[in-house]
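Enquirer:
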Amino acid sequence: MSRSAVLSDAQWELIEPLMPSSDGKRGNRFRDHRRIVEGVVYRFRTGIAWRDLPERFGPWQTVWKRHRRFCGDGTWDRIHTALLA
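Each residue of the sequence shown is one higher than the last, beginning at 1 in UniProt numbering.
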């Protein structure tokens, strides 16, 4: 894993199955959960404001909204549990 990587491939393999599905929901299907999770992890590791999130993670608003959803539906707790196990 390079120094600039946020999650290793092994870590992502642990948490990818925990990501919520967009099946049966209206609107565009969201595909890049890894980029969102890495953006959230990067933000917490560095302590930066959401607005200062580097562009490589996508629009900061999207990362922030997904983080809120993941916290609300329990996804973020499951991610923590999987990574800390």
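Glycine residues also receive a C-beta, built at the ideal position from the N, C-alpha and C atoms.
(1) Ignoring anything shorter than 4 residues or poking outside the UniProt domain "Insertion element IS402-like" (7-80), list the alpha helix (DSSP H) runs there in chain order.
(2) Please state the DSSP three-state secondary structure of Ala82.
(3) Spatial neighbours of Tyr42 within its chain, please: CB distance less than 6 angstroms, with the 5 preceding and 5 following residues excluded, ordered by chain position.
(4) Looking only at its own chain, which residues have a Cβ that is under 6 angstroms from the Cβ of Met19, when we skip the five neighbours before and after it?
Expert: Reading off the structure:
(1) 9-15, 33-46 and 60-72
(2) helix
(3) Val6
(4) His33
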